[in-house]
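Novice: Numbering (this note's numbering), first residue to last: 513 to 700.
The beta carbon of each residue, even a glycine, is placed where N, CA and C say it ideally should be.
1) Mark residue 692 as exposed unless 16 or more other C-beta atoms lie within 10 angstroms of its C-beta, in which case mark it buried.
2) For residue 677, report the span of its beta strand (DSSP E) as first-last.
3) Which residue's Cα is closest to the Cα of residue 589: 550, 649, 641, 542?
4) Tell me where the beta strand (DSSP E) around residue 529 begins and ends.
5) Evaluate residue 645 with the Cβ neighbour count: other Cβ atoms within 10 Å of its Cβ, from every protein chain shown; 16 or more gives buried, anything less gives exposed.
6) If you follow the beta strand (DSSP E) that residue 668 is part of, which residue opens it and which one closes it?
7) Look at the alpha carbon of residue 566 and the alpha carbon of residue 513, and state the distance between them as a whole number of angstroms.
8) Residue 598 and residue 543: beta carbons closer than 8 Å?
9) Which of the three DSSP states, helix, strand or coil, is assigned to residue 563?
10) Does the stretch 662-674 come within contact of the stretch 610-617, defined as at least 3 CB pairs closer than 8 Å?
11) Assess, as a yes-or-no matter, whether the stretch 625-633 is touched by the stretch 521-532 under the definition of 3 or more beta carbon pairs within less than 8 Å.
12) Out of curiosity, what's the CA-to-CA distance linking residue 695 and residue 515?
13) Do the stretch 626-642 and the stretch 553-569 make contact, defined as three or more Cβ pairs closer than 8 Å?
14) Which residues does DSSP pair with residue 546 in a beta bridge?
15) Give the straight-line distance between the Cα atoms of residue 604 and residue 585, rounded to the nearest whole angstrom.
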């Protein structure tokens with residue numbers, strides 16, 4: 513009997529294309545772990561997060577960088593994502609170990625696919641397909657929001673001036689890439 517080994521790979525692995533000075537690419541080794549604060553033990557979980565990441569969990573709709581370049585994204589009152597680069601397929605146990613069991617964690621790495629959009633045309637391209645106000649006065653660095661782009665659910669984060677991390681369901685990665693890439697082509 514044949515011995516098979518399955519290896520998980522991001523659906524957009526290796527995608528990297530420039531549109532003038534604006535770059536659209538799939539970040540390598542993106543790891544995503546959800547963190548849920550236990551009912552009745554929220555304060556202990558928040559303290560563990562502060563200790564583990566050397567950062568306060570931000571208010572919902574915001575993100576912050578913690579130690580070891582782990583980005584904490586607050587999605588709701590008791591839910592957050594830890595987003596970071598990790599090649600090994602052990603993102604969830606790694607975060608769980610940092611939190612010492614004070615919060616519930618699940619690995620979301622294979623559920624989401626990511627695109628980074630970086631450059632002077634980033635906001636212009638996103639404004640064509642994203643219904644939220646992306647002007648820096650309304651959506652500054654560190655902002656995060658759930659939205660829709662071309663009928664697809666997306667989590668958008670502003671990680672720097674004209675730099676956005678876009679996350680969508682890995683099951684629709686091709687459509688997600690097509691929507692963002694087409695919008696970029698239309699503004700180039």
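Specialist: From the atom records:
1) Mapped onto the chain shown, residue 692 falls at position 180. Burial call: buried.
2) Locating residue 677 in the chain shown gives position 165, where the first residue counts as 1. Unbroken beta strand (DSSP E) run through residue 677: 675-681.
3) As a working note, residue 589 is residue 77 in the chain shown. Taking the Cα of residue 589 as reference, the smallest distance to any Cα among 550, 649, 641, 542 is reached at 550.
4) As a first step, residue 529 is located in the chain shown; it is residue number 17 there, counting from the start. Counting along the chain, the beta strand (DSSP E) containing residue 529 begins and ends at 528-531.
5) Along the chain shown, one-based indexing puts residue 645 at 133. Answer is exposed; the Cβ neighbour count stays below 16.
6) Numbered from its first residue, the chain shown carries residue 668 at position 156. Membership of residue 668 in the beta strand (DSSP E) is indicated by the continuous run 664-672.
7) Position 54 of the chain shown, counted from the start, is the residue given in the question as residue 566. Position 1 of the chain shown, counted from the start, is the residue given in the question as residue 513. CA-to-CA, the gap between residue 566 and residue 513 works out to about 50 Å.
8) Here residue 598 corresponds to residue number 86 of the chain shown, with the count starting at 1. Here residue 543 corresponds to residue number 31 of the chain shown, with the count starting at 1. The answer is yes: Cβ separation under 8 Å.
9) For the purposes of this step, residue 563 is taken as residue 51 along the chain shown, with counting starting at 1. In the structure shown, residue 563 sits in a helix (DSSP, three-state: H, G or I).
10) Too few Cβ pairs lie closer than 8 Å, so no.
11) With three or more CB-CB distances shorter than 8 Å, the stretch 521-532 counts as touching the stretch 625-633.
12) Start at 1 with the first residue of the chain shown, and residue 695 comes out as number 183. Start at 1 with the first residue of the chain shown, and residue 515 comes out as number 3. Looking at the backbone, the Cα of residue 695 and that of residue 515 are separated by about 44 Å.
13) Contact fails: fewer than three Cβ-Cβ distances are below 8 Å.
14) Residue 546 sits at position 34 when you count from the first residue of the chain shown. DSSP, once it has assigned bridges, lists 593, 618 as partnering residue 546.
15) Indexing the chain shown from 1 puts residue 604 at position 92. Indexing the chain shown from 1 puts residue 585 at position 73. For the pair residue 604 and residue 585, the Cα-to-Cα distance works out to about 16 Å.
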